[in-house]
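Below: one structure, written as structure tokens.
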Amino acid sequence: GNSVTQMEGPVTLSEEAFLTINCTYTATGYPSLFWYVQYPGEGLQLLLKATKADDKGSNKGFEATYRKETTSFHLEKGSVQVSDSAVYFCASGKGGNNNDMRFGAGTRLTVKP
Amino acid sequence: GAVVSQHPSRVICKSGTSVKIECRSLDFQATTMFWYRQFPKQSLMLMATSNEGSKATYEQGVEKDKFLINHASLTLSTLTVTSAHPEDSSFYICSAPLAGGADTQYFGPGTRLTVL
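Set out below in structure tokens:
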């Protein structure tokens, strides 16, 4: 079955620093890969996704590339802002009605001014 | 975008009592909703799939008599934790897929249950 391992936090960065949050997956077949973000007091929101090898998902300055050879989907942002402070979840699998998604444990990011 | 709400956001109850958590899709209909449980510093774990008009499907190891799920309408699913015990204390999250939006789940903000 699918499983996801992501970098443990918490991660604390200064504004404009470079961010990497590592995520690796194990899966049978070729799952879709996702990054979700959870801001304080809110539900998880889809940040970006990639559905096949070498696809790059991007949104709000965040990027992640589906690497089949290293089974990874690391999240990166070149210059973080205070407003990026949140918990980030990596996930793999299928969404929709046939849900077999598996989530990482979440990484809490705090960005200081 | 699509919004999913949960109520209550936080509940504290005594051991042995039952607690009901509601999950609503506010601006779309959801024939299917999902219930997750999250322990501190751990992954979201899928507990069950809630199906409108039919019985819920439970993941292996989840007691269906303990966690009662009712999908009463196309916008409401409820999770009832029956005879709650301290080990049931956790963060419960629901989600719903948008019809035609393959792979996209919309999540509620979660309910923190504390059983004393």
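Protein chains in written order, with my numbering: chain P, 1 to 113; chain C, 1 to 116. Beta carbons are placed, not taken as given, at the ideal position from N, Cα and C, and that holds for glycine.
Burial state of C/K14 (16 or more Cβ within 10 Å): Classification of C/K14: exposed, given that the 10 Å Cβ count is below 16.
Contact set for C/H109: own chain, Cβ-Cβ below 7 Å, skip 5 residues either direction: First, the amino acid is wrong: residue 109 of chain C is Pro here, not His. So the qualifying residues of the chain are Q6 and S9.
Helix, strand or coil at P/P31 [DSSP, three-state]: Residue state, collapsed to three classes: coil.
Straight-line gap, C/V115 to C/Q60 (C-alpha atoms, nearest Å): Looking at the backbone, the Cα of C/V115 and that of C/Q60 are separated by about 23 Å.
Residue from C/S90, C/F28 and C/A72 whose Cα sits closest to the Cα of C/S54: Relative to C/S54, the option among C/S90, C/F28 and C/A72 whose CA is nearest is C/A72.
Straight-line Cα distance separating P/T110 from P/K52: Distance between the alpha carbons of P/K52 and P/T110 is about 30 Å.
Whole-number beta carbon distance between C/I12 and C/L79, since they are thought to touch under 8 Å: Under the criterion of beta carbons closer than 8 Å, C/L79 and C/I12 do not qualify as touching, at roughly 17 Å.
Touch test, the segment 67–74 of chain P against the segment 11–24 of chain P, Cβ-Cβ under 8 Å, three pairs minimum: As far as the Cβ criterion goes, the segment 67–74 of chain P touches the segment 11–24 of chain P, which means the pair count is three or higher.
P/T5 to C/D27 span [Cα, whole Å]: Cα to Cα, P/T5 sits roughly 33 Å from C/D27.
Distance CB(C/V3)-CB(C/C94) smaller than 8 Å: At the C-beta level, C/V3 and C/C94 stay beyond 8 Å of one another.
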